[in-house]
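**Q** Residue numbers (my numbering): 1 to 210. Heads up, the beta-carbon is just placed ideally off N, CA and C, and yes, glycines get one too. This structure is a prediction, so every number in the text was calculated from the model and none was measured. Here it is, the structure in full.
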Ligand code: SF4
C-alpha cells in the first residue's frame, strides 16, 4: 500500500532492479544480448534451455543473457537481439509483459506449445472462465470444509483474460520452436544460427513429433 492507503500496482517489468556491477557490464560488452520471459506455462520450456548442457558455455562467448526467468530479473536493461517467450497469454499482466518484451527485442521467438497455441492452459477456453473459477474456488473437492466461498480478487492479482491466447495473437512473433517442451537441440540450433548471423534453419527432424 502507498502512504495514502491506495493500492500499489506494478507490472512485473516495472519492478526495480539492481544495476549490474561494472565488471558484468564490461564482460557483456560486444556480446549479443538475449532474454527470456515466462508467461502462462509450466517452466518446462525454460528448463529446456538448460538442456543445452555444456554447449551453453561456448555459446556464452557470443551471447549474454540479460532478463531471464532463471535469474528472476524482470526488468530489461537495454535493447535485446533475441527474446524467447515461454507460455501463452492468460492474464492482463501477461499482455503487458509480452508487449513490453516485443518493444525491446529485435527477434521474438515463441518457445513451446503454450506460447504457440495456448497449450494445456488453453483447455479452460473449452468451458469458459466462469466455470473454471467456480470449479477451482467454489466447488473444488480440496476446498477447506466450512471456508467461505470466495473467488480471490485484488488490485495486485492480475486479472485473468476471458480466454488463453497464443502469443502471436497479441504481438508479432518471428519464429516458433514447437514441442512440449521443445528439444534442447532445437533451442541450440536457433540460438547458434542467430548468434552466427545465419538465417534460422530448424530441421523438421527436431521439431516434428508425429
Ligand atoms: S509447452 Fe509444455 S513444457 Fe512448455 S510451458 Fe507449456 S506445458 Fe510446459
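According to DSSP, is residue 62 part of a helix, a strand, or is it coil?
**A** Residue numbering aside, residue 62 sits at position 62 when the chain shown is read from its first letter. Looking at residue 62 - three-state DSSP - the assignment turns out to be coil, as it is neither helix nor strand.
**Q** Going residue by residue through the stretch 73-156, where are the continuous beta strand (DSSP E) segments of at least 3 residues, counting only ones entirely within it?
**A** Listed in chain order, the complete beta strand (DSSP E) runs (minimum 3 residues) inside the stretch 73-156 are 80-86, 89-91 and 105-111.
**Q** Do the stretch 71-85 and the stretch 118-131 meet, that is, are 3 or more Cβ pairs less than 8 Å apart?
**A** These segments do not touch.
**Q** Name, in chain order, the residues that DSSP records as bridge partners for residue 165.
**A** In the chain shown, the residue the question calls residue 165 occupies position 165. DSSP lists 89 as partners of residue 165.
**Q** Return yes when at least one heavy atom of the ligand SF4 lies under 7 Å from the C-beta of residue 148, else no.
**A** Locating residue 148 in the chain shown gives position 148, where the first residue counts as 1. Answer for residue 148: no, Cβ out of range of the ligand SF4.
**Q** Identify whether residue 45 lies in helix, strand or coil by the three-state DSSP scheme.
**A** Here residue 45 refers to the residue found at position 45 when the chain shown is read from its first residue. DSSP places residue 45 in helix when its eight states are reduced to three.
**Q** Closer than 6 Å from C-beta to any heavy atom of the ligand SAM: which residues, in chain order?
**A** The model depicted lacks the ligand SAM and carries the ligand SF4 instead.
**Q** If you pair each beta-carbon of the stretch 188-197 with each one of the stretch 127-139, do three or more pairs fall below 8 Å?
**A** With the cut-off at 8 Å, the stretch 188-197 and the stretch 127-139 do not touch.
**Q** Could you work out which residue in 186, 86 and 61 is closest to residue 27 when comparing CA atoms only?
**A** For the purposes of this step, residue 27 is identified with residue 27 of the chain shown, where counting begins at 1. Checking every option, the nearest Cα to that of residue 27 belongs to 61.
**Q** Could you check which residue in 117, 46 and 30 has the C-alpha nearest to that of residue 81?
**A** Reading the chain shown from its first residue, position 81 is the one you call residue 81. The shortest C-alpha separation from residue 81 is found at 30.
**Q** Spatial neighbours of residue 44 within its chain, please: CB distance less than 6 Å, with the 5 preceding and 5 following residues excluded, ordered by chain position.
**A** Reading the chain shown from its first residue, position 44 is the one you call residue 44. The answer, listed in chain order, is 181.
**Q** Residue 202: which of 109, 137 and 138 sits nearest, CA to CA?
**A** Taking the first residue of the chain shown as position 1, residue 202 is located at position 202. When only C-alpha atoms are compared, the closest one is 109.
**Q** Using three-state DSSP, classify residue 241 as helix, strand or coil.
**A** The first residue shown for the chain is 1 and the last is 210, placing residue 241 beyond what the model contains.
**Q** By the DSSP assignment, the alpha helix (DSSP H) with residue 68 in it spans what residues?
**A** Taking the first residue of the chain shown as position 1, residue 68 is located at position 68. Neither: residue 68 is in no alpha helix (DSSP H) and is coded neither H nor E.
**Q** Just curious, the alpha helix (DSSP H) that residue 202 is in, first and last residue?
**A** In the chain shown, the residue the question calls residue 202 occupies position 202. No alpha helix (DSSP H) contains residue 202, which DSSP labels as neither H nor E.
**Q** Go ahead and label residue 2 buried or exposed: buried means 16 or more other beta carbons lie within 10 angstroms of its beta carbon, across all protein chains shown.
**A** Your numbering for residue 2 matches position 2 in the chain shown. Caution applies to residue 2, whose pLDDT of 45 falls short of 50 and renders its modelled position unreliable; the model cannot decide the point.
**Q** For the pair the stretch 32-49 and the stretch 98-115, tell me if three or more CB-CB distances fall below 8 Å.
**A** Cβ pair count under 8 Å is three or more, so yes.
**Q** Quick one, are the C-beta atoms of residue 191 and residue 59 less than 8 Å apart?
**A** Counted from its first residue, the chain shown places residue 191 at position 191. Counted from its first residue, the chain shown places residue 59 at position 59. For residue 191 and residue 59, yes; Cβs fall inside 8 Å.
**Q** With DSSP as the reference, label residue 38 as helix, strand or coil.
**A** What you label residue 38 is simply residue 38 of the chain shown in a count that begins at 1. If DSSP states are grouped into helix, strand and coil, residue 38 belongs with the strands.
**Q** Would you call the stretch 81-99 in contact with the stretch 154-173, where contact means no fewer than 3 C-beta pairs closer than 8 Å?
**A** Yes: at least three Cβ pairs fall under 8 Å.
**Q** Taking all protein chains shown into account, do 16 or more other C-beta atoms lie within 10 angstroms of the C-beta of residue 213, making it buried, or fewer, making it exposed?
**A** Residue 213 cannot be examined here, being either before or after the span of the chain that is shown, 1 to 210.
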